[in-house]
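Worksheet: the structure to be examined is printed underneath.
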Amino acid sequence: MFGYRTAILPLTYRILSEAFGIFASLLNGVPGFERIGQGAEGLELADSIAGDGHKLLNVPYDCGFFFCRHPSLAQQVFQNPNAAYLNTKNAATDTIQSPLNIGIENSRRFRGLPVYATLMAYGREGYRDILQRQIRFARAVAAYLYYHDAFELLPRDVFTSRDRIDQDIFIIVLFKAKDGRLNEQLVQRINASSKMYVSGTVWDNSPASRVAAANWQVDPDRDLEVVKHVLEDVVSKWTEGI
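Structure follows, in structure tokens:
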């Protein structure tokens, strides 16, 4: 989905940028998630890394983070232009750069606190478990759609077998209704249930629905039953003309 932004990058870095996201590195060598883990290989070689905390970490929406091998560049661009009241104590000897000198904003919320708190609370193992549950749920939803007569799992040319689903699905599932008229209303009908939410998008010039598994409370078995119930109800009501 980011291909148009990264087309000018060398192939190796483009693949890393477009693949699975930095949290996939939690799954390196984990059985059943090998393809996902491979998608983050070489991450440590990147010149810079940017990410969103609000998805997997479930912190406030504006908790993004950025790592760069050249912090002096940020300081050259954003540093305080000698305003005395903005000078930080011991700026010359501080080992941690002042946010005043490496970002656009001079005043901001303590965004790092919720990120720090959740990382300390769950750690690597905790977040590996959360991510595995999210992926299992997404794969279960994808498999259900793959075999369903009323729906089509997308992209068609990628998910040509159950094995591909079990290897390549991360936490996003894209699908559409095979009935074109139902497909035009699918997102609205699903969300009207107030039991699950999908976002609308377009794939191959046709409306499509997007399931994103990103909550730390995901239970694959329980939540799959909710999805099944909602989608079966949508199909049933459409068939009955409701």
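First residue of the sequence shown: 1348, per the numbering used here; consecutive thereafter.
All C-beta atoms, glycine included, are put in the ideal place defined by N, C-alpha and C.
A quick note: this is a predicted structure, and the numbers were derived from the prediction, not measured.
Just mark residue i as buried or exposed, buried being the case when its beta carbon has 16 or more other beta carbons within 10 Å.
i	result
Leu1578	buried
Arg1536	buried
Phe1414	exposed
Gln1423	exposed
Leu1460	exposed
Leu1420	exposed
Ala1524	buried
Asn1453	exposed
Ile1516	buried
With C-beta atoms as the reference, is residue i less than 8 Å away from residue j?
i	j	result
Ser1553	Val1534	no
Leu1571	Tyr1491	yes
Arg1455	Pro1446	yes
Pro1567	Ala1487	yes
Val1520	Ala1468	no
Val1558	Val1545	yes
Ala1371	Ala1387	yes
Tyr1494	Ile1512	no
Gln1479	Phe1380	yes
Tyr1463	Leu1403	no
Whose CA, out of the options, lies closest to the CA of residue i?
i	options	result
Arg1382	Gln1514, Gly1450, Ser1419 and Thr1586	Gln1514
Gly1389	Leu1501, Glu1472 and Gly1368	Gly1368
Ser1540	Tyr1474, Val1549, Lys1575 and Thr1507	Lys1575
Phe1498	Gly1384, Glu1531 and Leu1478	Glu1531
Gly1527	Asn1538, Ser1508, Val1582 and Asn1434	Val1582
Cys1410	Leu1529, Arg1458, Gln1385 and Lys1542	Arg1458
Lys1584	Glu1391, Leu1529, Lys1542 and Ile1516	Leu1529
Lys1542	Asp1496, Asp1580 and Leu1392	Asp1580
Trp1563	Phe1506, Asp1476 and Gly1547	Asp1476
Can you give the beta carbon distance from residue i to residue j, rounded, assuming they're within the 8 Å contact cut?
i	j	result
Tyr1408	His1401	5 Å
Ile1518	Ala1560	4 Å
Phe1425	Ile1451	7 Å
Leu1500	Trp1550	About 11 Å; that fails the 8 Å criterion.
Asn1427	Asn1448	6 Å
So, for residue i: in the same chain, excluding its five sequence neighbours on each side, which residues have a beta-carbon less than 7 Å away from its beta-carbon?
i	result
Gln1481	Ile1518, Ala1560, Ala1561 and Val1565
Ile1362	At Ile1362, the pLDDT of 47 sits below 50, so the modelled position is not reliable and the matter cannot be decided from this model.
Val1406	Gly1400, Pro1461, Val1462 and Thr1465
Ile1355	Because Ile1355 sits at a pLDDT of 45, beneath the cut-off of 50, its placement in the model cannot be relied upon, and the following sentence gives the value as read from the coordinates. Hits under 7 Å: none found.
Could you pull out every residue in the same chain whose Cβ sits closer than 6 Å to the Cβ of residue i, ignoring the five residues on either side in sequence?
i	result
Arg1569	none
Thr1586	none
Asp1394	Arg1416
Arg1483	Pro1567
Phe1506	Leu1500 and Ile1512
Is there at least one non-hydrogen atom of the ligand NAD closer than 7 Å to the beta-carbon of residue i?
i	result
Pro1567	In the structure on display, the ligand NAD does not appear, and there are no ligands present to speak of.
For residue i, which residues in the same chain have their Cβ closer than 8 Å to its Cβ, ignoring the five residues on either side in sequence?
i	result
Asn1434	Asn1427
Gly1471	In the sequence on display, residue 1471 carries Arg and not Gly. Cβ neighbours of Arg1471 beyond the five flanking positions: Leu1373.
Arg1509	Ala1490 and Tyr1493
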